[in-house]
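*Asks:* Residues in the sequence shown are numbered consecutively from 31, following our numbering. Beta carbons: idealized from backbone N, C-alpha and C, even for Gly. Keep in mind that this is a model prediction, so the values were computed, not measured.
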Amino acid sequence: MIRRRDILGVLATLPLPMSALPGSALAQSAGAAAATPTETTFVEVAEGVHVRVGPVEEMTPHNRGGVANLGFVVGREAVAAIDSGGNPAEGAAMIAAIRRVTDRPIRHLVATHMHPDHIFGNQAFKAIGAEIVGHHRLAAALGARAESYAMSMTAEIGAAAMAGLVVTLPDTGVADERVLDLGGRTLRLKAWDTAHTDNDLTAFDETSGLLFAGDLVFLDHLPVIDGSLKGWLAQVPALKAVPARAVVPGHGPATAPWPTAIDRQTAYLEALARDIRQALAEGRTLAETVGTAAQDEARSWKLADAYAERNATAAFAELEWE
Ligand SMILES: [Zn+2]
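#1: Could you pull the start and end residues of the alpha helix (DSSP H) that Val326 belongs to?
#2: Could you tell me whether the segment 209-226 touches the segment 251-271, where touching means 3 or more Cβ pairs closer than 8 angstroms?
#3: Bridge partners for Val197 per DSSP, in chain order?
#4: For Val197, which option in Glu236, Ala141, Arg215 has the closest C-alpha, if you only look at C-alpha atoms?
#5: With three or more beta-carbon pairs closer than 8 angstroms as the criterion, would you say the segment 106-121 touches the segment 208-220?
#6: Within 8 angstroms, do at least three Cβ pairs link the segment 142-149 to the segment 235-244?
#7: Listed in chain order, which residues are found with a beta carbon closer than 5 angstroms to a heavy atom of ligand 1?
#8: If we require 3 or more residues per run, which beta strand (DSSP E) segments fall completely within the segment 243-318?
#9: From which residue to which residue does the beta strand (DSSP E) around Leu210 run?
#10: Which of the three DSSP states, helix, strand or coil, is assigned to Ala98?
#11: So is Ala65 buried or exposed if we call it buried at 16+ other beta carbons inside 10 Å?
#12: Are at least three pairs of beta-carbons, each pair with one atom in the segment 158-165 and one in the segment 186-201, less than 8 angstroms apart?
#13: I'd like to know if the segment 182-192 and the segment 114-121 are in contact, where contact means that at least 3 CB-CB pairs between them fall below 8 angstroms.
#14: In chain order, what residues of the same chain have a beta carbon less than 8 angstroms from the beta carbon of Gly121, not counting five sequence neighbours either side?
#15: Can you tell which of Leu316, His148, Phe102 has its C-alpha closest to the C-alpha of Arg129?
#16: Just list the beta strand (DSSP E) runs in the segment 119-206, keeping only unbroken ones of 3 residues or longer that don't cross its boundaries, in chain order.
#17: By the three-class DSSP mapping on this structure, what secondary structure does Leu349 have?
#18: Classify Glu327 as buried or exposed, calling it buried when 16 or more other Cβ atoms lie within 10 Å of its own Cβ.
#19: Would you check if the segment 306-326 and the segment 275-284 touch, i.e. whether three or more CB-CB distances between them fall below 8 angstroms?
#20: Relative to the C-alpha of Tyr298, which residue among Arg82, Met192, Phe248 is closest?
#21: Could you tell me which of Leu139, Ala171, Gly173, Leu172 sits nearest to Ile158, measuring between CA atoms?
#22: So Val86 packs on Val73, CB below 8 angstroms; how close in whole Å?
#23: What does the alpha-carbon distance come out to for the pair Ile136 and Leu217?
#24: For Ile187 and Gly95, which I take to be in contact (beta-carbon distance under 8 angstroms), what is that distance rounded to the nearest angstrom?
#25: Closest to Asp256 by C-alpha separation, out of Glu339, Thr132, Thr70, would be which residue?
Written as structure tokens, this is what we have:
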């Protein structure tokens with residue numbers, strides 16, 4: 031059940047920085063965290079690089095939207111977090127997890143893209159003064175979707191997990207590249223052309239050779255198209271050229287060898303484009319196509335039931351006019 035008042039409460043505070051909110055909103059968020067602690071166990075996958083592996087599941091009241099992989103990187107002087115989780119309590123729990131590892135300042139939160147499972151914990155980082163960095167299109171994209179996300183997420187994960195939520199936009203945008211200096215190590219951020227979404231940002235830790243790819247790279251979890259199928263495929267050569275030794279995908283295991291980890295996703299996306307183009311060439315309709323396009327390839331991934339037809343629908347709409 032979605033109560034209109036809850037949604038309006040989210041929207042009313044949308045443009046405000048966390049520091050402008052009354053203390054009651056903060057207390058409400060902290061209370062939610064205390065009542066329902068979020069499982070936020072990080073593993074150190076390379077020196078100073080910690081990853082929380084999200085379950086490969088749809089967002090539900092049980093997981094409270096906490097399904098994305100999250101990470102943080104510790105430098106000599108500062109810490110950068112990569113994505114903040116699927117609800118305010120998860121963002122707070124992530125900060126607590128960082129604090130168990132280091133007391134160095136958490137200077138940056140890198141938001142890989144607009145999807146709620148990656149950014150609904152942002153307000154906890156805003157509250158401690160971290161700079162939230164995103165793709166230069168993230169603020170507009172997230173702002174435009176705030177109402178629909180508030181409604182859909184309340185339905186998917188429940189009002190309790192959404193309690194105290196303030197959809198928190200980035201402080202700064204990256205149009206091309208930016209280097210974050212954490213002291214003795216750098217995170218190289220890159221803004222990509224439209225692919226998984228129109229606001230995908232990656233973070234490459236040159237010291238460990240790990241690439242935080244956000245949802246530009248899916249493993250196990252069927253890739254989800256919310257940007258452009260053609261655009262995503264067009265990015266693959268440049269993605270594979272990133273000189274990383276391993277990738278931290280947005281969903282799937284903590285790390286996987288790079289660049290081979292992207293090949294299975296590319297094969298699925300290519301099969302989808304091939305099948306949709308063939309259907310269009312044969313004059314088949316959307317309804318005749320969505321249930322069959324790349325279905326064999328999709329079935330080898332988890333959550334195909336949830337996303338395969340949706341991907342085919344998005345791809346059909348995109349390729350219909352090429
Ligand atoms: Zn995503």
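*Replies:* Inspection of the coordinates gives the following:
#1: By 1-based counting over the sequence shown, the position of residue 326 is 296. It should be pointed out that residue 326 corresponds to Asp in this sequence rather than to Val. Its alpha helix (DSSP H) spans residues 325-328.
#2: yes
#3: Position 167 of the sequence shown, counted from the start, is the residue given in the question as residue 197. None; Val197 has no bridge partner.
#4: The sequence position of residue 197 within the sequence shown is 167, counting from 1. Nearest of Glu236, Ala141, Arg215 to Val197, Cα basis: Ala141.
#5: yes
#6: yes
#7: His145, Asp245
#8: 276-281
#9: Mapped onto the sequence shown, residue 210 falls at position 180. Per DSSP, Leu210 belongs to the beta strand (DSSP E) from 207-211.
#10: Reading the sequence shown from its first residue, position 68 is the one you call residue 98. Coil.
#11: Counting from one through the sequence shown, the residue named residue 65 turns up at place 35. Below a pLDDT of 50, predicted positions are generally treated as unreliable, and Ala65, at 35, falls in that range; no measurement from the model is reported.
#12: yes
#13: yes
#14: By one-based count along the sequence shown, residue 121 stands at place 91. Result list for Gly121: Ser114, Gly115, Phe150, Gly151, Asn152, Gln153, Ala154, Phe155, in chain order.
#15: Here residue 129 is taken as the residue at index 99 of the sequence shown, counted from 1. The shortest C-alpha separation from Arg129 is found at Phe102.
#16: 136-140, 161-165, 202-204
#17: In the sequence shown, counting from the first residue as 1, residue 349 sits at position 319. In the structure shown, Leu349 sits in a helix (DSSP, three-state: H, G or I).
#18: For the purposes of this step, residue 327 is taken as the residue at position 297 of the sequence shown. Buried.
#19: no
#20: Numbered from its first residue, the sequence shown carries residue 298 at position 268. Residue Phe248 is the option with its Cα nearest to Tyr298.
#21: Indexing the sequence shown from 1 puts residue 158 at position 128. Residue Leu139 is the option with its Cα nearest to Ile158.
#22: For this step, residue 86 is matched to residue 56 along the sequence shown. For this step, residue 73 is matched to residue 43 along the sequence shown. Rounded, the Cβ-Cβ distance is 16 angstroms, inconsistent with contact.
#23: Here residue 136 is taken as the residue at index 106 of the sequence shown, counted from 1. Here residue 217 is taken as the residue at index 187 of the sequence shown, counted from 1. Cα to Cα, the separation comes out at about 14 angstroms.
#24: Looking up residue 187 in the sequence shown gives position 157. Looking up residue 95 in the sequence shown gives position 65. The pair is a contact, with the Cβ atoms about 4 angstroms apart (cut-off 8 angstroms).
#25: Position 226 of the sequence shown, counting from 1, holds the residue named residue 256. Nearest C-alpha to Asp256: Glu339.
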